[in-house]
Amino acid sequence: MDRPPSKARAALWMSGWLLLMLFVAIGGRETLRELNVFQVMEIRSVFGFVMLLPILYYNGGFRAMKTTRPLAHVSRNLVHYGAQLGWFYALTLIPLSQLVSIEFTMPIWIAIMAAFFLGERMTLWKIVAIVLGLIGVIVIVRPTTGVVNPGQLIALAAAFGFGISITLIKSLTRTDSALKIIFWMIVVQSVAGVFPALYSWQWPSAYVWGWLVVVAFCGTFSHFCMARAMLYADATVVVPMDFLRVPLSATIGWLLYSERLDMFTLLGAALILAGNTLNLLSTDRPPIRATA
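Just so we're aligned, residue 2 is where the sequence shown starts under our numbering, counting upward by one.
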């Protein structure tokens with residue numbers, strides 16, 4: 002599926018992704034105060050499916066969700082499910098800003114996989130954006146020697162899984178719509194998590210039910226935004242835009258959870274913004290055509 006490249010449209014859709022993912026992080030932390038990660042993930046998927054039904058109805062119903070690449074969808078969503086489990090669990094172990102910062106090791110994996118498996122070209126601007134973004138992440142985290150928090154290792158494993166998942170999304174957008182990608186994500190993850198969720202089930206409080214709705218809505222439609230962004234730009238263009246989630250998450254952690262926000266965070270945010278700006282101002286390239 003060809004689309005004329007447009008970094009402006011990609012940036013617009015990524016803005017939706019950023020906002021919704023911030024709400025996912027807040028909602029995840031609040032719900033995990035009472036529930037385990039399997040239950041949160043399952044309720045999110047079920048609620049997301051219900052929220053998607055009206056959109057499905059106006060886009061041809063379930064018949065229109067047929068795909069010629071079922072194995073690719075299943076593989077992508079099982080990897081993504083495992084990465085999400087790790088991300089939510091790490092959210093209970095380390096500060097929000099640190100979790101999101103570690104998550105941004107994934108552009109390294111995405112750049113490598115997109116180059117090898119999707120035929121994407123690594124330009125100077127893409128490399129500069131990624132390097133500046135990663136330097137900004139390091140400045141914010143300021144890793145030190147000593148005992149490694151298990152949450153950091155879990156977050157790193159989740160980042161690797163997200164890298165695989167996003168690379169597969171880019172591949173899927175060449176043949177399937179964003180709506181179809183989201184539909185299969187919800188179906189596969191609902192099936193994968195139903196038994197662990199039922200085994201550990203406990204009834205949520207009214208307060209947590211409210212946050213579960215937020216997590217379900219934002220978690221579902223954030224991926225719609227990501228898939229739409231991928232239609233207008235390469236993965237190595239889209240993902241560096243997501244670096245802005247690091248300083249935004251640091252700010253949320255400071256405001257809501259009294260996590261420290263200092264000059265290092267501000268410096269890292271400036272480096273991340275500089276990399277994204279250079280990347281967005283670079284010249285658009287012709288669209289990539291799907292090959293048989």
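Glycine residues also receive a C-beta, built at the ideal position from the N, C-alpha and C atoms.
**OP:** Please state whether DSSP places PHE117 in a helix, a strand or coil.
**Re:** Under the three-state reduction of DSSP output, PHE117 falls in the helix class.
Subject >> Reduced DSSP category for SER16 - H, G, I as helix; E, B as strand; rest coil >> reply: Three-state result, SER16: helix.
Original post:
Using DSSP with H/G/I as helix, E/B as strand and the rest coil, what is ILE95?
Top reply: Secondary structure at ILE95: coil, using DSSP grouped into helix, strand and coil.
**OP:** Counting only the same chain and skipping the five closest in sequence on each side, list residues whose C-beta sits under 6 Å from that of ALA158.
**Re:** Within the same chain, ALA158 has close Cβ partners GLY87.
**OP:** Look up GLY49 in the DSSP assignment and say whether it is helix, strand or coil.
**Re:** Judged by DSSP in its simplified three-state form, GLY49 adopts helix.
**OP:** Mark THR146 as exposed unless 16 or more other C-beta atoms lie within 10 angstroms of its C-beta, in which case mark it buried.
**Re:** Confidence at THR146 is low in this model, with a pLDDT of 47, below 50, so its placement is unreliable and the value that follows should be read with caution. For THR146, the number of other beta carbons within 10 angstroms of its own is below 16, and it is reported as exposed.
Subject >> Straight-line gap, THR32 to LEU13 (C-alpha atoms, nearest Å) >> reply: Their Cα atoms are separated by approximately 29 Å.
**OP:** Using three-state DSSP, classify ASN37 as helix, strand or coil.
**Re:** If DSSP states are grouped into helix, strand and coil, ASN37 belongs with coil.
Subject >> Backbone secondary structure at LEU256 - three-state DSSP >> reply: Three-state DSSP puts LEU256 in a helix.
**OP:** Out of ILE56, LEU19 and VAL47, state which residue places its alpha-carbon closest to the alpha-carbon of SER178.
**Re:** The shortest C-alpha to C-alpha distance from SER178 to any of ILE56, LEU19 and VAL47 is the one to ILE56.
Original post:
Roughly how many whole angstroms lie between the Cα atoms of LEU245 and SER166?
Top reply: Going by the C-alpha atoms only, they are around 20 Å apart.
**OP:** If I'm right that MET1 touches THR168 with Cβ under 8 Å, what's the distance once you round it to whole angstroms?
**Re:** What the structure shows of the chain is the stretch from 2 to 293, and residue 1 is not part of that stretch, so it cannot be assessed.
Original post:
So what's SER76 in DSSP terms, helix, strand or just coil?
Top reply: Correct three-state label for SER76: helix.
Original post:
In three-state DSSP terms, what is SER211?
Top reply: In the sequence under discussion, the amino acid at residue 211 is Gly, which differs from the Ser named in the question. Of the three classes helix, strand and coil, the one that applies to GLY211 here is helix, per DSSP.
Original post:
What did DSSP end up calling THR278 once you bin it into helix, strand or coil?
Top reply: DSSP places THR278 within a helical segment (H, G or I) once states are collapsed to three.
Subject >> Neighbour-count burial assignment, THR1, 16 or more Cβ in a 10 Å radius >> reply: Only positions 2 to 293 of the chain appear in the structure, and residue 1 is not among them; the question remains open.
Subject >> Contact under 8 Å by Cβ, LEU54 with CYS226 >> reply: Taking the C-beta atoms as reference points, CYS226 is found no nearer than 8 Å to LEU54.
Original post:
For the alpha helix (DSSP H) that PRO197 lies in, which residues bound it at each end?
Top reply: For PRO197, the enclosing alpha helix (DSSP H) has its first and last residue at 179–200.
Original post:
Looking only at its own chain, which residues have a Cβ that is under 8 Å from the Cβ of SER210, when we skip the five neighbours before and after it?
Top reply: The sequence shown places Trp at residue 210, not Ser. Residues of the same chain with a CB within less than 8 Å of the CB of TRP210, apart from the 5 flanking positions on each side, do not exist.
Original post:
Residues in its own chain within less than 7 Å of TYR90 by CB, not counting five upstream and five downstream?
Top reply: Short of 7 Å from the beta carbon of TYR90, and not among the five residues preceding or following it, lie these beta carbons of its own chain, in chain order: VAL38 and ILE155.
**OP:** Check THR126 in the structure and name its three-state DSSP category.
**Re:** Note on residue identity: the sequence assigns Trp, not Thr, to residue 126. TRP126 falls in the helix class under three-state DSSP.
**OP:** Can you grab the Cα-Cα spacing for the pair GLN40 / MET52, in whole Å?
**Re:** Going by the C-alpha atoms only, they are around 18 Å apart.
**OP:** Inspect the beta-carbon positions of PRO241 and ALA130 and report whether they are closer than 8 Å.
**Re:** Yes, Cβ-Cβ distance for PRO241 and ALA130 is below 8 Å.
Subject >> Per-residue DSSP class, three states only, for ALA234 >> reply: Three-state DSSP puts ALA234 in coil, outside helix and strand.
Original post:
When the Cα atoms are used, what is the spatial distance from TYR233 to TRP204?
Top reply: Between TYR233 and TRP204, the C-alpha separation is close to 42 Å.
Subject >> Close beta carbons around VAL25, own chain, < 7 Å, minus the five adjacent residues each side >> reply: Excluding sequence neighbours, VAL25 sits near VAL216, CYS219, GLY220 and SER223.
**OP:** Taking only the alpha-carbon atoms, compute the straight-line gap between ILE128 and LYS67 and give it to the nearest angstrom.
**Re:** Cα-Cα distance, rounded: 37 Å.
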